[in-house]
Amino acid sequence: MWERQKSSTSSTRVAILYQQGVNLSPLEVNKFSNMSQSWWDPQQNPLISMNAIRMEYIQQQMIQFKKEQEDMEQTNTGEDNSNDRDDSNTTSSFGTVSTHSLPLNGFKALDVGCGGGLLSESLARLGAHVTAIDPSMELVQQAQQHARLHPVTSTNIMYRGGCTVEQLAQEAKENSFETNEESNNHLFDIICLLEVIEHVTDVESILQATESLLKPNTGRLFISTLNRTVASHLVAIVGAEYVFRYLPPGTHNWDQFQSPEELHHTMTNLSNNNTTTTTMLRPLHTSGMVMTALPPIWNWKLDLHNTGINWIGTYQRTRKQ
0 MWERQKSSTS STRVAILYQQ GVNLSPLEVN KFSNMSQSWW DPQQNPLISM NAIRMEYIQQ
60 QMIQFKKEQE DMEQTNTGED NSNDRDDSNT TSSFGTVSTH SLPLNGFKAL DVGCGGGLLS
120 ESLARLGAHV TAIDPSMELV QQAQQHARLH PVTSTNIMYR GGCTVEQLAQ EAKENSFETN
180 EESNNHLFDI ICLLEVIEHV TDVESILQAT ESLLKPNTGR LFISTLNRTV ASHLVAIVGA
240 EYVFRYLPPG THNWDQFQSP EELHHTMTNL SNNNTTTTTM LRPLHTSGMV MTALPPIWNW
300 KLDLHNTGIN WIGTYQRTRK Q
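Going left to right, the sequence shown walks through residues 0 to 320 as numbering that gives the first Met the number 0 numbers them.
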């Protein structure tokens with residue numbers, strides 16, 4: 000089971016952050032901090048098996064995006080480079096990978112709520128330069144320790160513990176104001192909010208901060224969470240937390256689960272109510288993530304038509320209509 004040793008230092012630090020208005024619950028942060036020592040144990044962390052299918056989805060979307068960009072450039076220039084393009088792919092533990100290059104090479108990625116670094120390391124191994132943040136210092140320390148085991152992950156990931164995306168967005172805003180610059184150096188090509196929004200206290204706040212850090216038009220935001228259905232309650236809470244005991248009881252709150260439609264509605268409301276920005280988040284694609292074998296096998300597949308339990312979506316920052 001997950002280790003449950005309490006850290007008074009961690010509790011105090013999180014309480015201070017919470018008093019400052021940061022979008023997190025001290026109980027949530029402490030809960031995940033207590034899991035830090037078991038984060039990379041496949042017998043105790045279901046996210047390890049889910050990570051491969053999440054990465055497969057991200058790669059599919061980014062490879063498709065790069066292809067669309069190449070086709071657009073080809074159309075604009077009138078050149079036909081189709082014979083020079085190698086579209087062959089191979090499969091690895093990180094999903095489908097382009098054989099001729101690292102599919103995320105050159106992209107700046109932000110992993111929000113990085114935990115112990117599962118997703119951050121996968122993004123880095125596929126070529127991305129990753130900034131990884133989490134409000135838990137304990138989890139980030141575990142992530143840094145694990146990243147040192149490989150030369151790519153030890154150099155391509157910048158971890159920040161005790162940090163939320165709202166703080167990062169505020170820092171970027173203040174830095175731009177102080178330098179009087181309007182550069183996009185603080186913006187990201189890829190932002191990941193995977194298994195995060197069901198644990199925050201204010202979804203609109205985290206979406207607004209995330210949007211401000213995403214490159215307009217070309218950036219891609221990936222969000223995965225649990226749908227609020229009877230099936231998700233039975234699987235993610237009753238099954239995972241109380242029957243199989245793969246997660247500590249209380250890990251999830253069913254009331255904080257969201258359907259793709261609900262999240263889109265939240266984004267629309269945020270856009271309508273925020274008159275200070277000219278951009279908004281727009282959904283591009285959604286897929287379910289379906290478990291194909293019972294624990295402890297943890298096999299997953301993508302299913303466009305089954306978003307009833309776990310789902311993942313792609314979003315773009317565009318100008319308001």
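Ideal Cβ positions, reconstructed from N, Cα and C, are used throughout, including at glycine.
Measuring C-alpha to C-alpha distances from Ile-236 to each of Phe-221, Asn-252 and Ile-222 identifies Asn-252 as the nearest. Residue nearest to Asp-188 within the set Asn-29, Lys-30, Asn-273 and Asp-110 is Asp-110 (criterion: CA-CA distance).
For Asp-302, the CB contacts under 8 Å within the same chain, skipping 5 residues up- and downstream, are Ser-286, Gly-287, Met-288 and Val-289 in chain order.
Following the DSSP letters along the chain, one finds Pro-150 in no beta strand (DSSP E) but inside the alpha helix (DSSP H) bounded by residues 150–154. Leu-233 counts as exposed, since fewer than 16 other beta carbons sit within 10 angstroms of its beta carbon. The continuous stretches of alpha helix (DSSP H) do not include Leu-293, and DSSP gives it neither H nor E. Linking Ala-142 to Ile-205 through their CA atoms gives a straight-line distance of about 22 Å. Pairing Gln-257 with Thr-291 gives a Cβ-Cβ distance that is not under 7 Å. A Cβ-Cβ distance of about 7 Å is found for the pair Leu-125 and Gln-58, placing them in contact under the 8 Å criterion.
In this structure, the alpha-carbon of Ser-231 lies about 42 Å from that of Asn-174. For Asn-226, the three-state secondary structure derived from DSSP is coil. For Glu-240, same chain residues with a beta-carbon under 8 Å away, outside a window of 5 residues either side, are Leu-246, Pro-247, Pro-248, Gly-249, Thr-250 and His-251 in chain order. With contact defined as three or more Cβ pairs closer than 8 Å, the region 206–213 and the region 259–278 are in contact. In the displayed model, Val-129 falls within a strand according to three-state DSSP.
Around the beta carbon of Leu-26, fewer than 16 other beta carbons lie within 10 angstroms, which makes this residue exposed. The three-state secondary structure of Asp-302, taken from DSSP, is strand.
Ala-131 sits close to Cys-113, with the two beta carbons spaced by under 7 Å. CA-CA distance, Ser-32 to Pro-41, rounds to 17 Å. Separation of the CB atoms of Met-54 and Ser-135 is rounded to 22 Å, and the pair is thereby denied contact status at 8 Å. Under the DSSP assignment, Ile-47 falls in the alpha helix (DSSP H) whose first and last residues are 46–76. In the DSSP assignment, Thr-313 falls within the beta strand (DSSP E) that extends over 309–318. In this structure, the straight-line span from the alpha carbon of Asp-133 to that of Val-139 is close to 7 Å.
In this structure Thr-306 is buried. Its beta-carbon is surrounded by 16 or more other beta-carbon atoms within 10 angstroms. Boundaries of the alpha helix (DSSP H) around Ile-205: 202–212.
Leu-283 is bridged by DSSP to nothing; it lacks a bridge partner. The DSSP-derived three-state label of Met-266 is helix. Sixteen is the threshold: when 16 or more other Cβ atoms of the shown chains lie within 10 Å of the Cβ of Arg-219, as they do, the residue is buried.
When the Cα atoms are used, Met-49 and Ile-311 turn out to be separated by approximately 11 Å. Rounded to whole angstroms, the Cβ separation of Ala-171 and His-185 is 4 Å, and the two are in contact under 8 Å. In this structure Thr-163 is buried. Its beta-carbon is surrounded by 16 or more other beta-carbon atoms within 10 angstroms. In the structure shown, Asp-254 falls within a helical segment according to DSSP collapsed to helix, strand and coil.
Taking a 10 Å sphere around the C-beta of Gly-115, we find 16 or more other C-beta atoms and assign the residue as buried. Inter-residue distance for Leu-280 and Val-28 is about 27 Å (C-alpha atoms, whole angstroms). Inter-residue distance for Ile-52 and Leu-192 is about 15 Å (C-alpha atoms, whole angstroms).
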